[in-house]
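Numbers given in this note's numbering equal positions in the sequence shown, counted from 1, plus 30. Idealized CB from N, CA, C, for every residue including glycine.
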Amino acid sequence: MSGPPDTLGHDKAPQRIAAMFDAIAPRYDLLNHVLSAGLDLRWRAKAVRSLGLTGGEKIVDLCTGTGDLALALARTRPRAGRVVGVDFSGGMLRVGRAKACARGLADRIRLVRGDVTRLPLADGSADAATVAFGIRNVQRPADAFSEVFRVLRSGGRFAMLEFSTPSVPGLRGLYLWYFTRILPRAGALISGHGSAYAYLPASVEAFPDPGRVTSDLAATGFSHIRADPLALGIVYLYSARKPPRS
Ligand SMILES: C[S@@+](CC[C@H](N)C(=O)[O-])C[C@H]1O[C@@H](n2cnc3c(N)ncnc32)[C@H](O)[C@@H]1O
Numbered sequence: 031m032s033g034p035p036d037t038l039g040h041d042k043a044p045q046r047i048a049a050m051f052d053a054i055a056p057r058y059d060l061l062n063h064v065l066s067a068g069l070d071l072r073w074r075a076k077a078v079r080s081l082g083l084t085g086g087e088k089i090v091d092l093c094t095g096t097g098d099l100a101l102a103l104a105r106t107r108p109r110a111g112r113v114v115g116v117d118f119s120g121g122m123l124r125v126g127r128a129k130a131c132a133r134g135l136a137d138r139i140r141l142v143r144g145d146v147t148r149l150p151l152a153d154g155s156a157d158a159a160t161v162a163f164g165i166r167n168v169q170r171p172a173d174a175f176s177e178v179f180r181v182l183r184s185g186g187r188f189a190m191l192e193f194s195t196p197s198v199p200g201l202r203g204l205y206l207w208y209f210t211r212i213l214p215r216a217g218a219l220i221s222g223h224g225s226a227y228a229y230l231p232a233s234v235e236a237f238p239d240p241g242r243v244t245s246d247l248a249a250t251g252f253s254h255i256r257a258d259p260l261a262l263g264i265v266y267l268y269s270a271r272k273p274p275r276s
């Protein structure tokens, strides 16, 4: 039942990644919650809190997928002004739009089909930007960082969640066993899509370590950069700001 081997390999061609997420979209949320034991919801809530929102902000959520982070942003108090979610998978966005309607948030969220390396937003038009578990799927993450930098206003905040591999020795072994043996099989079983959940551990392993991610953010021009481990380093919450105009 584990499906074909990792046929996607490290090929992150946009059409292939979008097709993969289109295929798993109907079961994506269920799998997220099951495979992370519900922790994914807490991680997104932490990312929202890290932005220090005071109300009325315009926020862009990159790789928004089925919109869980965009919905969490739209639900915060005091209320964010407007949330724009961008993703190139029509299947993921369809699920996200249905959820926004069902939760009465459709007027506060706009889910737009597009590539995050060419954001459909004007320079300096966003107060905050986010991306959850999306950046490692982007073919050229540096292009997405540049786009975030471009669309943020001076002083605007960026929050990013991404998986990593814990470095604590005992935990590392256990986690890698779960991540490379159990998760791909469970994912294939529930989603009916073998390669997508083999791609997940492969893509996490291939993604740069937190030190490299923070230096890439610095190279883009961001300041106040932090990388905070969550769940003993299974996930990192990255925060950064576009420097205020001097
Ligand atoms: C693992 S999902 C994350 C979805 C959501 N942010 C969450 O927290 O559950 C990754 C998403 O990134 C999207 N994606 C990857 N590369 C992209 C790109 N260059 N432009 C737009 N969307 C992209 C995929 O279509 C997919 O929906």
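Closest Cα partner of residue i within the set the options
i: ILE220; options: ASP52, ASP70, LEU65, CYS93; result: LEU65
i: LEU194; options: ARG180, ARG183, SER176, GLU235; result: Correcting the residue type first, residue 194 is Ser in the shown sequence and not Leu. Here the closest residue by C-alpha is GLU235.
i: VAL178; options: PRO199, LYS76, ARG72, PRO150; result: PRO150
i: LEU83; options: TRP73, GLN45, ALA156; result: ALA156
Close Cβ partners of residue i (< 6 Å) along its chain, the five nearest in sequence each way excluded
i: ALA48; result: PHE118, SER119
i: PRO231; result: PHE209, THR210
i: ALA257; result: PRO240, THR244, TYR266, TYR268
i: ILE89; result: LEU103, ALA110, VAL113, ALA158
i: GLY115; result: ASP91, THR94, GLY97, ALA100, LEU141
i: PHE51; result: SER119, MET122
i: GLY126; result: THR96, GLY97, LEU141
i: ARG271; result: ARG187, SER253, HIS254
Distance, residue j Cα to residue i Cα
i: THR210; j: SER276; result: 48 Å
i: TYR216; j: SER233; result: A quick correction: the sequence has Ala, not Tyr, at residue 216. The straight-line gap from Cα to Cα measures roughly 17 Å.
i: ARG143; j: ALA158; result: 19 Å
i: ALA43; j: GLN169; result: 7 Å
i: ALA249; j: ILE255; result: 11 Å
i: LEU71; j: GLY86; result: 23 Å
i: ALA132; j: LEU213; result: 30 Å
i: LEU191; j: LEU69; result: 12 Å
Contact check, residue i vs residue j, beta carbons under 8 Å
i: LEU99; j: ALA53; result: no
i: LYS129; j: THR96; result: yes
i: PHE252; j: ARG166; result: no
i: TYR229; j: ALA218; result: no
i: ALA172; j: ASP246; result: yes
i: GLY185; j: PRO56; result: no
i: ARG183; j: GLY224; result: no
i: ALA189; j: VAL146; result: no
i: LEU81; j: ARG187; result: yes
Own chain, CB closer than 7 Å to residue i, minus 5 neighbours either side, in chain order
i: PRO196; result: ARG202, TYR205, LEU262, GLY263, ILE264
i: LYS76; result: LEU260, LEU267
Nonlocal neighbours in the same chain, by C-beta distance under 8 Å from residue i, ignoring five residues either side
i: ASP137; result: none
i: GLU181; result: Inspection of the sequence shows that residue 181 is occupied by Val rather than by Glu. Excluding positions up to five away in sequence, the list reads VAL90, LEU149, LEU151, ALA152, ASP153, GLY154, SER155, ALA156, ALA159.
i: THR106; result: VAL78, LEU83
Element boundaries [beta strand (DSSP E), containing residue i]
i: TYR266; result: 265-271
i: HIS223; result: Careful: HIS223 lies outside any beta strand (DSSP E) and carries neither H nor E.
i: ALA156; result: 156-162
Chain B contact for residue i (CB, 8 Å cutoff)
i: GLY241; result: Among the chains of the structure shown, chain B does not appear; only one protein chain is present.
Residue range of the alpha helix (DSSP H) that includes residue i
i: ILE165; result: No alpha helix (DSSP H) holds ILE165; DSSP gives it neither H nor E.
i: ALA173; result: For the sequence presented, residue 173 should be read as Asp rather than Ala. Looking at the DSSP string, the run of the alpha helix (DSSP H) that includes ASP173 is 171-181.
Check: residue i C-beta below 7 Å from any heavy atom of ligand 3
i: PRO231; result: Questions concerning ligand 3 fall outside what the structure shown contains, since the ligands it does hold are ligand 1.
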